[in-house]
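Residue numbers (the numbering used here): 2 to 293.
The beta-carbon is built from N, C-alpha and C at its ideal position, and this holds for glycine as well.
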Amino acid sequence: MASSMKSLFSDHSRYVESFRRFLNNSTEHQCMQQFMDEKLPGILARIGDTKSEIKILSIGGGAGEIDLHILSKVQAQYPGVSINTEVVEPSAEQITKYKELVAKTSNLENIKFTWHKETSSEYQNRMMEKKELQKWDFIHMIQMLYYVKDIPATLKFFHSLLATRAKILITLVSETSGWDKLWKKYGSHLPQDDLCQYVTSSDLMQMLDKLRIKYECYDLLSTMDISDCFIDGNENGDLLWDFLTETCNFSTTAPPDLKAEIMKDLQDPEFSVKKEGKVLFNNSLSFIVVEA
């Protein structure tokens, strides 16, 4: 590995920008909204039965767009019932954006928000010290388990926090996605750090099976337009390269033969489809619903 290659996470502002480009170029949020619209109402159907308050825990809530979409579904299912939402999010910047979004969103009168600037493991440690564990009706972990050191211990802990009929919703990339192939083939050639784990739906299901925790898995197709990655010196393409490889300035610091090999693979049907002159990377997502 070339010594000049460094992890994307070492440059926070570049990471944020590359993530923004990923969202702009992918159907990630549309795919999540489709799941929330089609499947979530059925999943939420019994979590709040006979309860005067519904308690929801968001782990890695980010800037809140997906959280508010989930909350709107809970409100529709249980009109007028008060909802107590706690958000665990390590980025102060994301929490600020979340609060701004709440401030300008209507129909949130029956929802109480509390934000905690901490990681899921910091939250876990704080709760364990308290010894009196809060029970939740719905916990969601959207695209965040990559950043957890001990995933089985995390799953076991949050599963222990579920109230009667409660559920956990976990979202992460599918084993059928291009990410699975990319990580398996090139993970060892890219900068390694403790901030991110290469984990897909198949890894997670194996962990849940070992823990004997019941779950259901739904896969939804999502794509990311990576056409700009094949245009030399294209700024959008360079930032998408960074996101794909989790490497800061990958285009200019990667060994040319490594970049050429990945570039060739990304155009392979195993990774992407070519449609109307575009190269669409397989960004398919898995939605795993864990039962109490």
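Tell whether a beta-carbon distance below 8 Å holds between H190 and L170. no
Opposite M142 in the DSSP bridges: which residues? I60 and I171
Please state whether DSSP places V75 in a helix, a strand or coil. helix
Would you tell me roughly how many angstroms separate the C-alpha atoms of G43 and K150, rounded to the nearest one? 32 Å
Using beta-carbon positions only, say whether P91 and T115 come within less than 8 Å of one another. no
Counting only runs that start and end within the stretch 180-229, where is the beta strand (DSSP E) found for 3 or more residues in a row? 216-221 and 224-226
Quick one, are the C-beta atoms of E176 and T155 less than 8 Å apart? no
Provide the residue(s) that pair with F282 in DSSP beta bridges, ordered along the chain. M225 and S273
Collapsed DSSP secondary structure at L163 in the structure displayed: strand
Checking 8 Å against the spacing of the C-beta atoms, do G61 and I143 come in under that value? yes
Per DSSP, cross-strand counterpart(s) of S27: M225
Exposed or buried, L24, counting other C-beta atoms within 10 Å across all chains shown (16 or more means buried)? exposed
Could you spell out the range, first to last residue, of the alpha helix (DSSP H) harbouring I96? A93 to A104
Check: P80 C-beta below 7 Å from any heavy atom of the ligand GDP: Ligands are entirely absent from the displayed structure, and the ligand GDP is therefore not among its contents.
Taking G63 as the reference, which of E87, G81, K52 and G49 has the closest Cα? E87
With DSSP as the reference, label T115 as helix, strand or coil. strand
Cutoff 6 Å; reference L238; Cβ partners in own chain excluding five residues on either side: Checking the sequence, you will find Gly at residue 238 rather than Leu. Once the five neighbours on either side are set aside, the close Cβ partners of G238 are D229, C230 and I232.
Inter-stretch contact at 8 Å, needing at least 3 Cβ pairs: the stretch 159-167 / the stretch 92-110: no
Would you decide whether D50 is buried or exposed? Buried here means 16 or more other CB atoms lie within 10 Å of its CB. exposed
Exposed unless 16 or more other CB atoms sit within 10 angstroms - verdict on M2: In this predicted model, M2 has a pLDDT of only 40, less than 50, meaning its place in the structure is not dependable; the value taken from the coordinates is given anyway. The residue in question, M2, is exposed, as its Cβ has fewer than 16 Cβ neighbours within 10 Å.
Cβ-based neighbour list, L240, same chain, cut-off 7 Å, excluding 5 preceding and 5 following: E18, S19 and R22
With 16 as the cutoff for other CB atoms within 10 Å, does D138 come out buried or exposed? buried
Using only the alpha-carbon positions, how far apart do S288 and Q31 sit? Position check: residue 288 holds Phe in this sequence, whereas Ser was assumed. Cα to Cα, F288 sits roughly 14 Å from Q31.
With distances taken Cα to Cα, identify the nearest neighbour of D181 among S14, E54, S285 and Q35. S285
Residue closest to F282, alpha-carbon to alpha-carbon, out of S178, P153 and D258: S178
Taking C-alpha atoms, which residue in L69, K186 and N26 lies nearest to D38? L69
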